[in-house]
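First residue of the sequence shown? That's 1231 in this note's numbering, and the numbers climb one at a time after it.
Have a look at the structure below before the remarks.
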Amino acid sequence: MKSPVHRCRDVEHGRAQGRAGARANCQQAEQRIPISKDVITSSAASAMWFIRDACGIVCALITWLLVLYADFVVLFVMLLPSKNLTYSIVNGTLFNILAFLALASHLRAMCTDPGAVPKGNATKEYIESLQLKPGQVVYKCPKCCSIKPDRAHHCSVCKRCIRKMDHHCPWVNNCVGENNQKYFVLFTMYIALVSLHSLVMVVFHFLYCFEDDWTKCSSFSPPATVILLILLCFEGLLFLIFTSVMFGTQVHSICTDETGIERLKGETGRWGNLPYWEAMQAAFGGPPSLAWCSPFAQLSCKKSLSGHVPVPQGTIIEEDVIEIPLN
């Protein structure tokens, strides 16, 4: 696997050089092998993860309130006053199951470690404990003083380097990374389904109220009923478009095995991307099954961290690029 040549060149060279010197440095960089992401694991993968960001917490609370508002309108404005008991039971059960799965996926995406690299492990003692081979190169993040494995990027909100970081989403108050991308995909999928279901019920309810007396089709007054339904229609349409786009973007990123940050920085195609079917199984935790759609299923393909060596304490190294001596 080749190291990111341009990244190495940007770090090691502060100014432009001649063509001959650049060609020599490029050839030298191609001989370097960056450390794998499997060598550096997350120190918080088994612990509770929560980002104390005011904006993210507010956005997460708004998300829950909007889902609860939709549930209130569906139950107390449309389904309970309905004369068709079967229609109310079927749609009420389906809507609440989808809403529950959406909120559960949101909670898992928010409280799951996205793949954070241990903070402050860029010490000489830790590098020696990795037992790297001569010729391998180590990159240090100057912001969180951690050793960065392949495809890791620093998040200014989480203040950590995240493995396979796609983006930081304020609506889940967390980064979308290697460990929680599945839950974010499920969250967007279930929110899109909930929004679509609510829009269909709003259309049927309007048709029913136009044919019948408005005072009999709802427990609320006609003006209040219209206002609640219009707000639900606006919310459902907005979230349906937004989450559908995000769902398609995330599935495309998983199938192509490239994150949003890698596309923006032009780092695609440098990591030996997995075939799309293997990438899907790696992201969702194994072969296709009902567990793919469950926010409660654990990612069975992840390696256990119980045998990982603790990070030795020591002084943070000053260099941002450290190459193992060729002795």
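Built from N, CA and C at the ideal position, the CB exists for glycine as well.
Fair warning: this is a prediction, and the values are worked out from it, not measured in the lab.
By the CB criterion at 8 Å, residue 1403 and residue 1290 fall inside the cutoff. CA-CA distance, residue 1408 to residue 1339, rounds to 11 Å. In this structure, the alpha-carbon of residue 1422 lies about 10 Å from that of residue 1428. Where residue 1334 is concerned, the enclosing alpha helix (DSSP H) starts and stops at 1315-1341. Cβ atoms of residue 1294 and residue 1333 come within 8 Å of each other, at about 7 Å. Non-local beta-carbon contacts of residue 1399 in its own chain, meaning distances under 6 Å to residues more than five positions away in sequence, involve 1406 in chain order. Sixteen is the threshold: since fewer than 16 other Cβ atoms of the shown chains lie within 10 Å of the Cβ of residue 1523, the residue is exposed. Pairwise C-beta distances place the stretch 1458-1470 in contact with the stretch 1292-1308, as three or more of them are shorter than 8 Å. Residue 1289 carries a helical assignment under DSSP once its states are collapsed to helix, strand and coil. Secondary structure of residue 1378 (DSSP, three-state): strand. Residue pairing from DSSP places residue 1353 in a beta bridge opposite 1546. The beta carbon of residue 1413 sits closer than 7 Å to those of 1335, 1338, 1339, 1342 and 1525, all from its chain and outside the five residues before and after it, given in chain order. Taking every protein chain shown into account, the CB of residue 1415 has 16 or more other CB atoms within 10 angstroms, so this residue is buried.
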